[in-house]
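Working notes for the structure below.
2 protein chains.
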Amino acid sequence: MEYYQGHSKYLLAVDCVVLGYEDEELKVLLYPRGFEPVKGKWSLMGGFVGEDESAEEAASRVLQQITGLDNIFLEQVEAFSKPGRETIARVVSIVFYALVRIHLHDKELLKAQGAEWHPLSQLPELVFDHREMVEKALLKLQQKAGYSLAGSEMLSERFTLMQLRKLYQAIYRREFDPGNFRKKILSLEVLEKLDEKNASESRKGAYYYRVKEEMVGMETSRIVKF
Amino acid sequence: MEYYQGHSKYLLAVDCVVLGYEDEELKVLLYPRGFEPVKGKWSLMGGFVGEDESAEEAASRVLQQITGLDNIFLEQVEAFSKPGRETIARVVSIVFYALVRIHLHDKELLKAQGAEWHPLSQLPELVFDHREMVEKALLKLQQKAGYSLAGSEMLSERFTLMQLRKLYQAIYRREFDPGNFRKKILSLEVLEKLDEKNASESRKGAYYYRVKEEMVGMETSRIVKF
DNA sequence: GCAAAAGTGTTTGCCATACACCCATGT
DNA sequence: ACATGGGTGTATGGCAAACACTTTTGC
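Going line by line, the protein sequences match chains A and B.
So the first sequence is numbered by our numbering: it starts at 46 and just counts up by one.
So the second sequence is numbered by our numbering: it starts at 46 and just counts up by one.
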């Protein structure tokens, strides 16, 4: 037991890279830091880990508090622990990324806190090492989306294959051939075709699909090579 | 600043999954836990993070202390933070895996601490969640080795293509065709052929190769599909 | 009719796999 | 001579990329 004695203890935080998809691009939820130091710069949403919860649970709780949403896709990215990473106190942060449906949000809740969605391609200056956290999170998402349809957590529950393709284009910052993408995705056999069509985004109208219930979160064969 | 007040602090540990390669299999360095609780069970090597170091630096320091080696390949696996994961105190552990050359070790140093190399395929019972750490570390190594020759950190600096192939077979627990493996690896253009041959492992003798100096740690195109 | 996306089919080339085959050499 | 790994070449199948083409429908 004296093994545990005499060692320093640290504040343990979680930071969440909350990602959403809107206007054919990925966005990250930021809020202005309201206190010193670095007051005014933009920050990821974070919080401290309580005594009765894991970092995963803390991240989930923070997300619930800030977005009002439950059951959010979360994956651990990495722990950031450099001594000087936050200037005031030593804080070790475990970073997660979260995938959310932007339009389901309680806009009032976000506005009340000054939170805003920022396109990933034009981030403002972020506090501390939060920019690096965003970059690492994107890499992790790219890995994940290469072997699953987890990215669809950012779309409506029903989506067309064009919507899914444009999402993938946003995630990987490259184009996918519409025909080939369709064949690839359908060959995975994780989507089920619905009877309804989306008539608003094309003349002809495209069928809606959704992830088969039993396939949510499942790994697939490789979708994107990188 | 009061933002930082009133939050709990925790012990922050690092645990290292030290991996080596010997007798055509992967091995992990374990040592018997010498104190309660769970005295006698096997444990990964770990330590606490000091005030002036990052988790990476702490892992590197712990490795140096225990193996006597410097400049070891290290990669972060994941943070483990469940409240009850260690029974006595709340300890958050950041897990790393390390790749080392078993034969370079100071055997005396290890023996003095009771440390032993255990084949990954026949692990004894481990303390707490250390077994899960080992499993996650192996997955991470498989990912890494699929896009780099980082695994060769477990071989001598000079190695034959058969040695490299058998290493890959150990990492992925499957066979690779000798001819195809050779062509694949050489096509990466990260190895340089040396003039010397290894005469001890075959009649004909196989040329030694080594990773080109400027290519150490570099990502390659995909080596293994999974 | 035209434009634009939906959806299907075809062609091509690359690459992974399987495997045949000769080489060199210690026993 | 022969067994063993070293090293090279080749045939095959599958799949990804490129792209042609038809369908549908709002304008």
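Beta carbons are placed, not taken as given, at the ideal position from N, Cα and C, and that holds for glycine.
A quick note: this is a predicted structure, and the numbers were derived from the prediction, not measured.
Paired residues, beta bridge with P82 of chain A - DSSP: DSSP output for P82 of chain A lists no bridge partner at all.
Proximity test, Cβ basis, 7 Å: A124 of chain B and chain A: By this cut-off, A124 of chain B is an interface position.
Residue nearest to V79 of chain A in terms of C-alpha spacing, selected from A:Q158, A:K229, A:H150: The amino acid occupying residue 79 of chain A in the given sequence is Gly; Val does not appear at that position. The candidate whose alpha carbon is nearest that of G79 of chain A is A:Q158.
Span of the beta strand (DSSP E), counted from its first residue to its last, around R255 of chain A: Where R255 of chain A is concerned, the enclosing beta strand (DSSP E) stretches over 251-256.
Every unbroken beta strand (DSSP E) inside the stretch 119-195 of chain B [3 residues or more]: Correct list: 136-144, 161-164.
Under 7 Å by beta carbon: chain A residues contacting E98 of chain B: Neighbours of E98 of chain B on chain A, chain order: P128.
In terms of residue numbering, what span does the alpha helix (DSSP H) encompassing K101 of chain B cover? According to the sequence shown, residue 101 of chain B is Glu rather than Lys. Its alpha helix (DSSP H) spans residues 100-112.
Quick one: any contact between the stretch 172-190 of chain A and the stretch 231-240 of chain A, if contact means 3 or more CB pairs under 8 Å? Taking 8 Å as the limit for Cβ pairs, the verdict is that the stretch 231-240 of chain A does not touch the stretch 172-190 of chain A.
Residues of its chain near E101 of chain B, where Cβ-Cβ distance is below 8 Å and the 5 sequence neighbours each way are ignored: So the qualifying residues of the chain are L119, Q121, F141.
According to DSSP, is S266 of chain A part of a helix, a strand, or is it coil? Of the three classes helix, strand and coil, the one that applies to S266 of chain A here is coil, per DSSP.
Does the CB of F173 of chain A have a neighbour CB from chain B at under 7 Å? Not one chain B Cβ lies under 7 Å of F173 of chain A.
Since R203 of chain B meets chain A, which of its residues come closer than 7 Å, beta carbon to beta carbon? Under the 7 Å cutoff, chain A gives no residues; its nearest Cβ is about 32 Å from R203 of chain B.
Environment of G91 of chain A [buried if 16+ CB atoms lie within 10 Å]: The residue is buried, with at least 16 neighbouring Cβ atoms inside 10 Å.
Would the beta-carbon of A143 of chain A fall within 7 Å of that of I111 of chain A? Going by C-beta atoms, A143 of chain A is not nearer than 7 Å to I111 of chain A.
I'd like to know whether the C-beta of V137 of chain A is nearer than 7 Å to at least one C-beta of chain B. So yes, V137 of chain A belongs to the interface.
In chain A, which residues lie with their C-beta within 7 Å of the C-beta of G159 of chain B? By Cβ distance, chain A contributes nothing, its closest Cβ being about 15 Å from G159 of chain B, past 7 Å.
Can you name, in chain order, every residue of its own chain whose Cβ lies under 8 Å from the Cβ of Y55 of chain A, other than the five neighbours on each side? Closer than 8 Å at Cβ, skipping near neighbours: R135, V136, V137.
Extent of the continuous alpha helix (DSSP H) to which G224 of chain A belongs: 223-232 is the span of the alpha helix (DSSP H), which, as asked, contains G224 of chain A.
Any idea what DSSP makes of A58 of chain B, helix, strand or coil? In the three-state DSSP reduction, A58 of chain B falls in the strand class (E or B).
Here's the rule: buried if 16 or more other CB atoms are within 10 angstroms of the residue's CB, otherwise exposed. What is R219 of chain A? Exposed, because fewer than 16 other Cβ atoms sit within 10 Å of the Cβ of R219 of chain A.
Short check: CB of V63 of chain A to CB of L71 of chain A, under 7 Å? Going by C-beta atoms, V63 of chain A is not nearer than 7 Å to L71 of chain A.
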